[in-house]
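Residue numbers (our numbering), protein chains in the order written: chain G, 1362 to 1582; chain V, 1362 to 1582.
There are 2 protein chains.
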Amino acid sequence: MTGRSNSPRTIGGPDEPIVYVVDDDVSVREALRNLFRSVGLRVEVFGSGAEFLQSKLPDVASCLILDIRLPRLSGLDFQADLAKAGIHIPIVFMTGHGDIPMTVRAMKAGAVDFLTKPFRDQDMLDAVTAAIERDRSSRNEAKIRSDLHALFATLTAREREVMALVTSGLMNKQIAAEIGIAEITVKIHRGNIMRKMAAKSLADLVKMAQALEIQRPAPPQ
Amino acid sequence: MTGRSNSPRTIGGPDEPIVYVVDDDVSVREALRNLFRSVGLRVEVFGSGAEFLQSKLPDVASCLILDIRLPRLSGLDFQADLAKAGIHIPIVFMTGHGDIPMTVRAMKAGAVDFLTKPFRDQDMLDAVTAAIERDRSSRNEAKIRSDLHALFATLTAREREVMALVTSGLMNKQIAAEIGIAEITVKIHRGNIMRKMAAKSLADLVKMAQALEIQRPAPPQ
DNA sequence: GAGAGGAGCATACTTAGGTTTAGGATCAGC
DNA sequence: GCTGATCCTAAACCTAAGTATGCTCCTCTC
Chain G
1362 MTGRSNSPRT IGGPDEPIVY VVDDDVSVRE ALRNLFRSVG LRVEVFGSGA EFLQSKLPDV
1422 ASCLILDIRL PRLSGLDFQA DLAKAGIHIP IVFMTGHGDI PMTVRAMKAG AVDFLTKPFR
1482 DQDMLDAVTA AIERDRSSRN EAKIRSDLHA LFATLTARER EVMALVTSGL MNKQIAAEIG
1542 IAEITVKIHR GNIMRKMAAK SLADLVKMAQ ALEIQRPAPP Q
Chain V
1362 MTGRSNSPRT IGGPDEPIVY VVDDDVSVRE ALRNLFRSVG LRVEVFGSGA EFLQSKLPDV
1422 ASCLILDIRL PRLSGLDFQA DLAKAGIHIP IVFMTGHGDI PMTVRAMKAG AVDFLTKPFR
1482 DQDMLDAVTA AIERDRSSRN EAKIRSDLHA LFATLTARER EVMALVTSGL MNKQIAAEIG
1542 IAEITVKIHR GNIMRKMAAK SLADLVKMAQ ALEIQRPAPP Q
């Protein structure tokens, strides 16, 4: 329930998911645009991967419909380029004449689905629904991690060191011995860490350390 | 480095990975048997899925090579049956005449690879190597979870309840108020929990609770 | 060269966590 | 009816954690 509207035709709201279509065939683009608009999805179409890359991508759940056979750059190579560029968007491939190795490569690289033309409208809609749902949850997780990283970034080097040791289960006195400072100083750092990370309890901090994949630094030798 | 032998031909050791081959064509079975043995892999071959199910599977890293077109039960259906039966083994499919929808279905269901006949020996070996590696790490994780569950099973109902509240970050007095007992009793439970779970610190216990996916029980209303 | 920020330490104090000892109450199973 | 397990509690005691005040020293920046 996103509220704000009961209409399935709500298009263009700031939080509405977007379907990007990249295909060199204008008739395919228009057919897909109509299909997605008919179910109330916001659509952006492009004639090439380059065009898609030049557009700015709003920060909302989205997915990409890609023809495997694009004129300049194949869909598979474009998928690889996106991954290298750090753009993670669920991809649904379409193909008129694909083969199994292509399919395997695409799926191994994380494609959501791989549809053969002609496909049923419902199959495409199902794939897009799954893709957007996948993007929604991965965006959620990314948001949580990034918020946590922002807090972690406010820690000083010493505080990070102490945080790793605290969340690995060491007592203050052990930490003090390990890094060669007084126990009282560890307590001060620890208090600062809790405040800066907005942790309400040690359990909280341990979970944050887990999410941040903070490792206890190996002691020298 | 598994040690014990420098020979790549070590076959049949108790910790050696196993490749299972299920194909109704005896010549395919023998060709694959020879291929895998030539690189020192232990192999078991079967003419049907039923035969494979009747054999006992040792607890070592393994993978399954499956023809998509089996006489009685298709490879895809067999894959689904294995999943339903709780048998999780990485599958490498082979096909002489598969299509893209089959490939997509197999990959979505977790297949490691999907090779078209005739395939190059090296492609099969690469797929098997990846599959066994996947099984090895998933077995490792499963082992850790199961050991943890065994410890958790020794806790009484009350201890589990307290563990959930402790690892959610509540103080002893808050836990006592929440479940209506004295703080001293919470401390006793807590001590028992630490001992039974073999946790060396609270941080340790929190990580265990995370791995066990223990949720704090919702307070009534 | 003044100020800010980080790191460190001491003293003093409060609260939280944890153990031991010693019980009482309930319930299942033999 | 006895035994063992579980749950609960109290008193006494000790250790760990956390906070506040006040100070030194160093380094980087304006």
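Even for Gly, the Cβ is constructed at its ideal location relative to N, Cα and C.
Original post:
According to DSSP, what are the bridge partners of E1405/G?
Top reply: Y1381/G
Subject >> Contacting positions in the stretch 1416-1431 of chain V - beta carbon closer than 9 angstroms to chain G >> reply: none
Original post:
If you draw a straight line from the C-alpha of Y1381/G to the C-alpha of A1488/G, how long is it?
Top reply: For Y1381/G and A1488/G, the distance between alpha carbons rounds to 13 angstroms.
**OP:** Would you mind giving the Cβ-Cβ distance between A1422/G and Q1440/G, rounded to the nearest angstrom? I have them listed as a contact below 8 angstroms.
**Re:** Contact flag wrong, Cβ pair sits at about 19 angstroms.
Original post:
Quick one: does K1548/G have its CB under 7 angstroms from some CB of chain V?
Top reply: no
Original post:
What residues from the stretch 1546-1578 of chain G come within 7 angstroms of chain V, judged by C-beta to C-beta, listed N to C?
Top reply: Going along the stretch 1546-1578 of chain G in chain order, one finds K1561, S1562, L1563, A1564, D1565, V1567, K1568 and Q1571 with a Cβ nearer than 7 angstroms to chain V.
Subject >> Enclosing beta strand (DSSP E) for F1454/G [first to last residue] >> reply: For F1454/G, the enclosing beta strand (DSSP E) starts and ends at I1452 to T1456.
**OP:** Use the C-beta contact count for H1550/V: other C-beta atoms within 10 angstroms, 16 or more gives buried, fewer gives exposed.
**Re:** buried
Subject >> T1517/G at chain V interface by Cβ criterion, 7 angstroms >> reply: no
Original post:
If you compare alpha carbons, which of K1534/G, M1524/G and S1499/G is closest to I1450/G?
Top reply: S1499/G
Original post:
Taking DSSP as the reference, what is the three-state secondary structure of F1397/V?
Top reply: helix
Original post:
What's the C-alpha gap between D1428/G and R1430/V?
Top reply: 29 angstroms
Original post:
Buried or exposed: where does T1464/V fall if 16 or more other Cβ atoms within 10 Å of its Cβ makes it buried?
Top reply: buried
Subject >> Under 7 angstroms between C-beta atoms of E1544/G and K1557/G >> reply: Remark: C-beta atoms of E1544/G and K1557/G do not approach each other more closely than 7 angstroms.
**OP:** For L1476/G, I'd like the list of residues in its chain whose CB is within less than 8 angstroms of its CB, leaving aside the five on either flank, ordered along the chain.
**Re:** V1453, F1454, M1455, T1456, D1484, M1485 and A1488
**OP:** Please list, in chain order, all residues of the same chain as T1528/V whose beta carbon is under 7 angstroms from its beta carbon, the five residues on each side excluded.
**Re:** Same-chain partners within the cutoff: L1566, V1567, A1570 and I1575.
Original post:
For V1400/V and chain G, any beta-carbon pair shorter than 7 angstroms?
Top reply: For V1400/V, the answer is no, since every Cβ of chain G falls outside 7 angstroms of its Cβ.
Original post:
If you measure from the beta carbon of F1475/V to each beta carbon in chain G, is any gap under 7 angstroms?
Top reply: By this cut-off, F1475/V is an interface position.
**OP:** Check the Cβ-Cβ distances between G1459/V and every residue of chain G, and say whether any is below 7 angstroms.
**Re:** yes
Original post:
If contact means a Cβ-Cβ distance below 9 angstroms, which residues of the stretch 1525-1539 of chain G contact chain V?
Top reply: V1527, T1528, S1529, G1530, L1531 and M1532
Subject >> Exposure of D1386/G, with buried meaning 16 or more beta-carbon neighbours within 10 Å >> reply: exposed
Original post:
Does DSSP classify I1461/G as helix, strand or coil?
Top reply: Residue state, collapsed to three classes: helix.
Original post:
Short check: CB of I1536/G to CB of L1526/G, under 7 angstroms?
Top reply: Result yes, Cβ atoms of I1536/G and L1526/G sit closer than 7 angstroms.
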